[in-house]
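J.: If you scroll down you'll find the structure; I have some questions about it.
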Amino acid sequence: MTKKAIIFGSIGTIVETSQMQLDAFNMAFAEAGLDWRWSREVYIPMLAKSGGEARIRRYAEEHDTDVDAAALHKRKTALFDDMMVERGLAPRPGVLELVHFAKENEMKVGFASTTSRNNILAIFEALHGALHRSTFDFLGDADRVTMSKPNPEIYQLAMDELGVTASECLAIEDTPVSLKAAKAADIECVGFPGDFIDPNSFDDEISIVRNVHPEHIAALHENEDAEDAEQTRLAS
1 MTKKAIIFGS IGTIVETSQM QLDAFNMAFA EAGLDWRWSR EVYIPMLAKS
51 GGEARIRRYA EEHDTDVDAA ALHKRKTALF DDMMVERGLA PRPGVLELVH
101 FAKENEMKVG FASTTSRNNI LAIFEALHGA LHRSTFDFLG DADRVTMSKP
151 NPEIYQLAMD ELGVTASECL AIEDTPVSLK AAKAADIECV GFPGDFIDPN
201 SFDDEISIVR NVHPEHIAAL HENEDAEDAE QTRLAS
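Residue numbers for the sequence shown follow UniProt numbering, so the first one is 1 and each next one is one higher.
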């Protein structure tokens, strides 16, 4: 692996929280006296677009319901943060190994999330020491950017602070919409879909993994190099 930086793009690339996110939405709706209850079948298609507050607003408009989407999402986020800390979290497969590999090889490690800062802090608290925020050379959050994904602003900020160029980075994203932000910044991407994301929803040219162990990531590059060499041979 010849990169100088690994950038984890979203919280879902570090920990699996899909069901907890859905549970928190439904708890917030119940507290607000709404008769909404999102099932997986309803919720998963919503993930095609980023932003929890925007999801609430669109759903309210579709169901002709007047709600304070910002306040409702704020409560959902607080419930989600408490839920993570109470239940605890574990890093997704290969995350620790990839972080350790990067550190051992003097590579920078970034976390280019545009979620709330409190959300980020709750995740590290819920990891109970398995992964520390101090491990990351760059930590993003919603307060550090003016535009959320798929806008590439967070990736541009990450590269600036890490002191690297796009060609020197590898981004890992868990959803197609978030991955668009890395692609817009001209960063090579790997798809690492979570439990609620269909791997087939990513563009065909994106490599998909279920484990980000460095051996898996290195194998992707070896395959790409072999394909490039074969294409060159055929063209000659």
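Even glycine gets a Cβ: it sits at the ideal position worked out from N, Cα and C.
Quick check on this structure: which residue in Glu153, Asp81 and Asn211 has the alpha carbon closest to the alpha carbon of Ile187?
T.: Locating residue 187 in the sequence shown gives position 187, counting from the first residue. Closest by alpha carbon: Glu153.
J.: Along the alpha helix (DSSP H) that carries Leu47, what are the first and last residues, could you check?
T.: Within the sequence shown, the letter at position 47 stands for residue 47. Premise fails: Leu47 is in no alpha helix (DSSP H) and is neither H nor E.
J.: In whole angstroms, give me the CA-to-CA distance for Phe25 and Trp38.
T.: Within the sequence shown, residue 25 is the residue found at index 25, counting from 1. Within the sequence shown, residue 38 is the residue found at index 38, counting from 1. Whole-angstrom Cα-Cα distance: 8 Å.
J.: Give a yes or no on whether the C-beta atoms belonging to Ile172 and Ile11 are separated by under 9 Å.
T.: The residue given as residue 172 occupies position 172 in the sequence shown. The residue given as residue 11 occupies position 11 in the sequence shown. Cβ atoms of Ile172 and Ile11: not closer than 9 Å.
J.: Return helix, strand or coil for Ala130, following the three-state DSSP convention.
T.: Here residue 130 is taken as the residue at index 130 of the sequence shown, counted from 1. Three-state result, Ala130: coil.
J.: Specify the secondary structure class of Val190 as computed by DSSP and reduced to three states.
T.: What you label residue 190 is simply residue 190 of the sequence shown in a count that begins at 1. Reduced to three states, the DSSP call for Val190 is strand.
J.: Can the beta-carbon of Asp81 be found less than 9 Å from the beta-carbon of Thr114?
T.: Sequence index remark: in the sequence shown, residue 81 carries index 81 (1-based). Sequence index remark: in the sequence shown, residue 114 carries index 114 (1-based). Result no, Cβ atoms of Asp81 and Thr114 do not sit closer than 9 Å.
J.: Where does Ser178 sit, in a helix, a strand or coil, going by DSSP?
T.: On the sequence shown, position 178 is the one that residue 178 refers to. Looking at Ser178 - three-state DSSP - the assignment turns out to be helix.
J.: Mind checking whether Asp174 and Thr13 have CB atoms under 9 Å apart?
T.: As a first step, residue 174 is located in the sequence shown; it is residue number 174 there, counting from the start. As a first step, residue 13 is located in the sequence shown; it is residue number 13 there, counting from the start. The beta carbons of Asp174 and Thr13 sit closer together than 9 Å.
J.: Hey, Phe8 and Val109: beta-carbon distance below 9 Å or not?
T.: Along the sequence shown, read from residue 1 onward, the residue named residue 8 stands at position 8. Along the sequence shown, read from residue 1 onward, the residue named residue 109 stands at position 109. For Phe8 and Val109, yes; Cβs fall inside 9 Å.
J.: Leaving out five residues before and five after Val177 in sequence, what residues of the same chain have Cβ atoms less than 8 Å from its Cβ?
T.: Looking up residue 177 in the sequence shown gives position 177. Correct list, in chain order: Leu47, Ala48, Lys49, Ser50, Lys149 and Pro150.
J.: So, at 7 Å on beta carbons, what are the nonlocal neighbours of Arg58 in its own chain, with the 5 sequence-adjacent residues on each side left out?
T.: Working through the sequence shown from its first residue, we reach residue 58 at position 58. None.
J.: Hey, how far is the Cα of Ala32 from the Cα of Leu72?
T.: Numbered from 1 along the sequence shown, position 32 holds the residue referred to as residue 32. Numbered from 1 along the sequence shown, position 72 holds the residue referred to as residue 72. One C-alpha to the other measures close to 8 Å.
J.: Would you check if the distance between the CB atom of Glu125 and the CB atom of Val85 is smaller than 9 Å?
T.: Here residue 125 refers to the residue found at position 125 when the sequence shown is read from its first residue. Here residue 85 refers to the residue found at position 85 when the sequence shown is read from its first residue. Taking 9 Å as the Cβ cut-off, Glu125 and Val85 qualify as a contacting pair.
J.: Taking the alpha carbon of Leu127 as the reference point, which residue from Asp137, Thr17 and Ile206 has its own alpha carbon closest?
T.: In the sequence shown, counting from the first residue as 1, residue 127 sits at position 127. Ranking the options by Cα distance to Leu127, first place goes to Thr17.
J.: Identify every residue that forms a DSSP beta bridge with Val95.
T.: Here residue 95 is taken as the residue at index 95 of the sequence shown, counted from 1. Looking at the DSSP assignment, Val95 forms no beta bridge with any residue, so it has no partner.
J.: Tell me whether the segment 90–100 and the segment 207–221 touch, counting them as touching only if at least three CB pairs, one residue from each stretch, are closer than 8 Å.
T.: yes
J.: Answer yes or no: do Ala69 and Glu53 have a C-beta to C-beta separation smaller than 9 Å?
T.: Taking the sequence shown and counting its residues from 1, the one referred to as residue 69 is at position 69. Taking the sequence shown and counting its residues from 1, the one referred to as residue 53 is at position 53. It is a contact, given that the beta carbons lie within the stated cut-off.
J.: Consult DSSP for Lys103 and reduce its assignment to one of helix, strand or coil.
T.: In the sequence shown, the residue the question calls residue 103 occupies position 103. Secondary structure at Lys103: helix, using DSSP grouped into helix, strand and coil.
J.: Under a Cβ-count criterion, where at least 16 other Cβ atoms within 10 Å of its own Cβ denotes burial, should Pro199 be classed as buried or exposed?
T.: If you number the sequence shown from 1, residue 199 lands on position 199. With fewer than 16 other Cβ atoms within 10 Å, it is exposed.
J.: Which residue wins for smallest C-alpha separation from Leu162, given the options Arg55, Ile208, Phe111 and Ile44?
T.: Numbered from its first residue, the sequence shown carries residue 162 at position 162. Among Arg55, Ile208, Phe111 and Ile44, the Cα nearest to that of Leu162 is on Phe111.
J.: For the ligand MN, is there any heavy atom lying closer than 8 Å to the beta carbon of Trp36?
T.: Within the structure as shown, the ligand MN is missing, as the structure has no ligands at all.
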